[in-house]
Amino acid sequence: MGGIPLPGEFGERARDILAGRLEPAPARDAATVVILREGVEVYLLRRKASMAFAAGAYVFPGGSVDPRDADHAVAWAGPSPAEWGAVFRADEKTARGLVCAAVRETFEESGVLLAGPSPRSVVADTTGDDWETDRLALIDRSLSFADFLDGRGLVLRSDLLRPWAHWITPEVEHRRFDTRFFVAALPPGQRTRDVGGEADQVVWVRPADAVDQAKNGQIFLMPPTYRTLGELSDYPTVADVLGAEREIVTLMPEIAEVDGEMRIVLDDDYGLGPA
1 MGGIPLPGEF
11 GERARDILAG
21 RLEPAPARDA
31 ATVVILREGV
41 EVYLLRRKAS
51 MAFAAGAYVF
61 PGGSVDPRDA
71 DHAVAWAGPS
81 PAEWGAVFRA
91 DEKTARGLVC
101 AAVRETFEES
111 GVLLAGPSPR
121 SVVADTTGDD
131 WETDRLALID
141 RSLSFADFLD
151 GRGLVLRSDL
161 LRPWAHWITP
171 EVEHRRFDTR
181 FFVAALPPGQ
191 RTRDVGGEAD
201 QVVWVRPADA
211 VDQAKNGQIF
221 LMPPTYRTLG
231 ELSDYPTVAD
241 VLGAEREIVT
251 LMPEIAEVDG
261 EMRIVLDDDY
271 GLGPA
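And the structure:
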């Protein structure tokens, strides 16, 4: 059986949860965006070793939903929150927050902004000092996403996103996330940059190469990232990725005792790696 061993404190925590002696932490709504450019290459950040969650892992841009992300004041173009809710099996308010968090977190963590001055246009460049000031204000939450868009006369382009997956953090983790995965193409004219913050390194890489690097122990990938990269490696162009028909199935790796050892397990088809 594949899976990830849970040594020490995590193993004991897993036993307590399975026995009903400990209540799992609640999972917070979150959004993750796979930014793609022709090649096909994806944008990954390496989380700082000091981070409380997924330290040292290479991840896609993303993060928790800010309560203000569900603000109806957010200017919106593209599929409605109700339509996104149907895709992700979420209520309209939750879906609105998820899509806004996806666009906001992508800008915060990469400088890429999926918004434009009209429903059919997109910002061409976000690298100036004034953009950086706004990005930092979004990060420290002194500026809401709605006010950011309004101040610049921009509308969120939900049509630039496509749904990809839905993962929930295993119950053994102290910090848990209920995360919807999106994919999006890097808009023409925009470019990513090393924006610091939670990451100490960024890279563009072909999905298959990232999977190989993880298999060889060169980089660390969390199971959802590993699985997503494996899926993306099957597509020859960004257009093929964006045009993929996806049935969104909720995946949550389970905790189980295997031959006396506590492990996080999921069907091997989902790429959690060898036993």
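Note that the UniProt record's numbering gives residue 171 to position 171 of the sequence shown, counting from 1, and the numbers run on in steps of one. For every residue, glycine included, the Cβ atom is placed at its ideal position computed from N, Cα and C.
Spatial distance of residue i from residue j (CA atoms)
| i | j | result |
| --- | --- | --- |
| Leu154 | Ala77 | 10 Å |
| Leu229 | Pro207 | 5 Å |
| Pro26 | Ala124 | 39 Å |
| residue 277 | Pro61 | Limits of the chain in this structure are 1 at one end and 275 at the other, which puts residue 277 out of reach. |
| Ile219 | Pro253 | 21 Å |
| Thr127 | Asp240 | 29 Å |
| Gln213 | Val122 | 34 Å |
| Gly243 | Arg89 | 20 Å |
| Asp178 | Thr250 | 9 Å |
| Asp16 | Trp131 | 47 Å |
| Pro224 | His166 | 9 Å |
| Asp129 | Arg152 | 14 Å |
| Leu136 | Arg21 | 42 Å |
| Arg180 | Ile248 | 9 Å |
| Ser118 | Leu221 | 37 Å |
Inter-residue CB distance, residue i and residue j (contact presumed, cutoff 8 Å)
| i | j | result |
| --- | --- | --- |
| Thr95 | Gly63 | According to the sequence as given, residue 95 is Ala; it is not Thr. About 17 Å; that fails the 8 Å criterion. |
| Phe107 | Leu98 | Incorrect: roughly 15 Å between the Cβ atoms, too far for contact. |
| residue 302 | Leu6 | What the structure shows of the chain is the stretch from 1 to 275, and residue 302 is not part of that stretch, so it cannot be assessed. |
| Ala86 | Val103 | With 8 Å as the limit, Ala86 and Val103 do not qualify as a contact, their Cβ atoms being about 19 Å apart. |
| Val65 | Leu45 | Rounded, the Cβ-Cβ distance is 19 Å, inconsistent with contact. |
| Phe148 | Leu160 | No, Phe148 and Leu160 are not in contact; Cβ-Cβ is about 17 Å, not under 8 Å. |
Pair within 8 Å by beta-carbon distance, residue i and residue j
| i | j | result |
| --- | --- | --- |
| Gly39 | Arg47 | no |
| Asp150 | Ala73 | yes |
| Ser110 | Tyr43 | yes |
| Arg157 | Val183 | no |
| Met262 | Ala19 | no |
| Ala185 | Arg68 | no |
| Arg175 | Pro24 | no |
| Pro81 | Glu92 | yes |
| Trp164 | Arg246 | yes |
Cross-strand partners of residue i (DSSP beta bridge)
| i | result |
| --- | --- |
| Arg157 | Ala77 |
| Glu41 | Arg37 |
| Leu251 | Trp167 |
| Tyr58 | Arg46 |
| Arg180 | Ala31, His166 |
| Ile139 | BP columns for Ile139 are empty, so no partner. |
| Ile219 | Ile219 pairs with nothing; no bridge assigned. |
(request) Say whether the segment 2-19 touches the segment 29-41, bearing in mind that this needs 3 or more beta-carbon pairs closer than 8 Å, one atom from each stretch. (result) no
(message) Is it the case that the segment 253-266 contacts the segment 160-179, given that we only count it when at least three CB pairs across the two stretches are under 8 Å?
(response) yes
(request) Would you be able to state if there are at least three C-beta pairs under 8 Å between the segment 232-241 and the segment 200-215? (result) yes
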